[in-house]
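Structure record follows, encoded as structure tokens.
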Amino acid sequence: MNLLIMNIPLNITGTIHDWINSIMPQTAANITEWVLIAVAYLALFAVAGLYLVLLERKVAAWFQLRLGPNRVGPWGLFQTMADALKLVSKELTSNDRIDKFLYNLAPYFVIVTSLTAMAVFPYSEQFQGFDINIGVFFLFAISSIGVIGILVAGWSSNNKFALIGAMRSGLQTISYELSVGLSILTMVLLSGSLQLSEIVEVQRTGGWLIWQGHIPAIIAFMIFMIAGTAETNRAPFDLVEAESELGAGFHTEYSGMKFAYFFLAEFINMFIIASIAVVLFFGAWLSPFGITEGITWFPEVLWFLIKVLLIIFLMMWFRWTFPRLRVDQLLTLEWKYLLPLNLVNLLLMAIVIWLNWTI
Amino acid sequence: MSYFSDIYNGIKTLLTGMSVTGGYFIRARKGSLTQQYPDNRETLKMFDRFRGEVVMPHDEHNEHYCTGCQSCEIACPNGSIEIIWDRAVDPETGKKKKKIDQHIYHMGMCTMCGLCIEACPTDAIVWAQNYENSVYDRAALTKILNQPGSVVKAGIED
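Protein sequences, first through last, are from chains A and B. Using our numbering, you'd call the opening residue of the first sequence number 1353 and step up by one each time. Using our numbering, you'd call the opening residue of the second sequence number 5 and step up by one each time.
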């Protein structure tokens, strides 16, 4: 536990740490600190998720020559807050003859896994909740659990649309996990570590990994972006929800806050995919060309956020440009194109590293 | 080797699509298509082909073009138009001539199909561009299109 706090040696957390330890025994203080950190993370990313929804709506509007939400607060800044309040106050309805236990469990599966993944990212040098030495592996493992929530939601809803959506989700995630994994593996080959803070350290001296790995890294990035978009179930890979075919897919029968959990999880997953891309390819919190290297007061987390938002913007651009794939096209893309290219790319990266062609 | 050309074409067409939407994204702040309706009520101008309601234009001498031929009444699929007509002696020729007494338009029944306006041989009725047509009493939706005391413009039948 002390490790957690020591990783955030900002003045304010130090003060809180001392104060909590002075008023209660060691074990209680540790538990209090866990709870505090968890609440801080939850609050931060719930709000971040809400604002991502707003950003999505604004960006979507601009891509379609519309204005987007602009009534609730200045420039519609409180729109998603109001939406969340509305969802909290709504009745939790359910279908006839559902599997009650699984039905109620499913949203938590989805939201908890995506929030857990947030803990390991190095937002800045000090701001990292949980720096384990298998960080990339942990992320990869955690992000696969979310699909269980989707499958459970579809199965327990007693609704054919939900079931079809959930089955498509299983199919899609199993296929695209491979590509995400292999493209991450390509970069791990280059960085030589699974620990996220270590990967950032590699980039501090030698430049961002997409620069160090040049051609194979760029191919890996493109494949990662395609497969990552598919992982988050967003258009053009939104067969899981597919409004025009399945109503709302796996969460057709959910209402109120349970629906909000699914919705929020989708946006937090987008943030996770963008964060993985930023850490593995674009040097996490490192400034471009080291322009703020010497400035100690500069909040490095800003660079992380800027890069993440750029990647998220790219994903939104995909969403509002490309039409949805058919199921057979989805599988063709993965098994006939992305997977072979990825394997060749992995080999190429190995050769590049073997012959010392990295920059 | 269509495999690699497929990949090349795929990426190329996707980038073309992204450049189109990217252009929209950049221009969206200036050329937004959204009409913020209740706020811009003063400046909002409806479009030429907008179908608000059927009106009968009158000129400055309180004359209209309706000869009372009833083509519109026959063309109307659900009887939204009723014409009450009469015969009067034409002072110039001394013959009895058909003229309208009241051109009644039931706007509450009208589906805005436009068949009456297409049927009118003298263009006596046209589409108006107004759009705020809701009222509290449906009797207010039954309108008499010709103004009181108006007469048909001379020579329109020739």
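For every residue, glycine included, the Cβ atom is placed at its ideal position computed from N, Cα and C.
Cα atoms of Phe1633 of chain A and Leu1677 of chain A: separation of roughly 27 Å, rounded to the nearest angstrom. Rounded to the nearest angstrom, the gap between the Cα atoms of Pro61 of chain B and Ser84 of chain B is 18 Å.
Look at Trp1637 of chain A here: in three-state DSSP terms it is coil, with no helix or strand label.
Three or more Cβ pairs closer than 8 Å define a contact, and the segment 1618-1625 of chain A meets that threshold against the segment 1577-1588 of chain A. With the criterion set as a beta carbon lying under 7 Å from some beta carbon of chain B, the segment 1526-1548 of chain A has no members that meet it. Chain B places no beta carbon closer than 9 Å to that of Phe1573 of chain A, leaving this residue out of the contacts. The shortest C-alpha to C-alpha distance from Ser1531 of chain A to any of A:Val1411, A:Ala1579, A:Ala1392 and A:Ala1594 is the one to A:Ala1579. Remark: C-beta atoms of Leu1682 of chain A and Phe1589 of chain A approach each other more closely than 9 Å.
Contact with chain A is absent for Gln151 of chain B, since none of that chain's Cβ atoms lies less than 9 Å from the residue's Cβ. Under the 10 Å beta carbon count, Pro1692 of chain A is surrounded by fewer than 16 other beta carbons and is classified as exposed. Separation of Ile121 of chain B and Asn82 of chain B (C-alpha to C-alpha, rounded to the nearest whole angstrom) is 15 Å. Secondary structure of Arg1556 of chain A (DSSP, three-state): helix. Closest by C-alpha distance to Ala128 of chain B, out of B:Ile160, B:Phe54 and B:Arg33, is B:Ile160. Among the CB atoms of chain B, one or more fall inside 9 Å of the CB of Thr1673 of chain A.
Residue-level contact by beta carbon holds for Ser36 of chain B and chain A, with a gap shorter than 9 Å.
The segment 1600-1619 of chain A makes no contact with the segment 40-51 of chain B: fewer than 3 CB pairs, one atom from each, lie closer than 8 Å. Ranked by how close their Cα comes to the Cα of Lys1610 of chain A, the residues A:Gly1646, A:Gly1501 and A:Met1701 have A:Gly1501 in first place. When DSSP states are grouped into helix, strand and coil, Trp1672 of chain A belongs to the coil group. Of all residues in the segment 1677-1691 of chain A, only Tyr1689 place a beta-carbon less than 7 Å from a beta-carbon of chain B. The beta-bridge partner set that DSSP reports for Thr146 of chain B consists of B:His110. DSSP places Asp90 of chain B in no alpha helix (DSSP H) but in the uninterrupted beta strand (DSSP E) bounded by Ile85 to Val93. Secondary-structure assignment with DSSP links His68 of chain B through a beta bridge to B:Val156. One thing to note: Tyr1455 of chain A has its Cβ within 9 Å of the Cβ of Ser1446 of chain A. Taking 9 Å as the cut-off, the Cβ atoms of Trp1672 of chain A and Val1405 of chain A do not count as close.
Less than 9 Å separates the beta-carbon of Leu1548 of chain A from that of Val1631 of chain A.
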